[in-house]
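Quick notes on the structure that follows.
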Amino acid sequence: MLEDIRHKMMNRHIDMIKFAETWISDISLMARVILERNKEYSNNCNVQWNELNGFEISEGEYSFVVDLEKKHHDHPNQHVEHWYKKETFLKAYNYFIQHIPNMRMWPETTNPSIEPPKPRKMPGRPGKKRR
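The C-terminal position of the sequence shown is numbered 146 in my numbering, with every residue numbered one higher than the one before it.
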């Protein structure tokens, strides 16, 4: 049974590495779908110039300021956490499970066999013996 689990895990490792090679960009497919959905959502936000240092972006009761003095323009893909990047995904599948010899191939030991612990009286009042 353990051998079957090990084989399935090894096959899954290979499948996941092949899956990562099919990615179009550096971001995972599900993270990319969420990013695209958020880009579409941002099209509905209101943009107002605040005359001082940039723009105020508002949507409903939420708003924040974009500072243009810093001249910091980023692509949305740069704001994706590293957990969703291809490099981190491949690091998770970097190590393979090594071969484990079968129990019949294990060397015989000279140590005494391990015995289960002896039964002991548990604390507290003993239970009533019903017939």
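Each residue gets a CB set at the ideal place from its N, CA and C atoms; glycine is no exception. Owing to the predicted nature of the structure, the values given are computational and were not obtained by experimental measurement.
Beta-carbon proximity of residue i to residue j, cut-off 9 Å
| i | j | result |
| --- | --- | --- |
| isoleucine 72 | asparagine 61 | yes |
| arginine 47 | serine 40 | yes |
| glutamate 84 | asparagine 109 | no |
| phenylalanine 111 | histidine 28 | yes |
For residue j and residue i, the rounded distance between their alpha carbons
| i | j | result |
| --- | --- | --- |
| glutamate 74 | asparagine 65 | 16 Å |
| isoleucine 32 | proline 116 | 26 Å |
| tryptophan 150 | asparagine 26 | Coverage of the chain is limited to positions 16 through 146, which leaves residue 150 absent and any answer about it impossible. |
| serine 78 | methionine 45 | 27 Å |
| asparagine 6 | histidine 97 | The question about residue 6 has no answer, for the chain in this structure spans 16 to 146. |
| isoleucine 42 | glutamine 93 | 10 Å |
Of the listed residues the options, nearest to residue i (C-alpha basis)
| i | options | result |
| --- | --- | --- |
| lysine 100 | Ala35, Arg21, Asp30 | Ala35 |
Three-state secondary structure assigned by DSSP to residue i
| i | result |
| --- | --- |
| isoleucine 42 | strand |
Quick one: complete alpha helix (DSSP H) runs, 4+ long, within the stretch 44 to 94?
44 to 57
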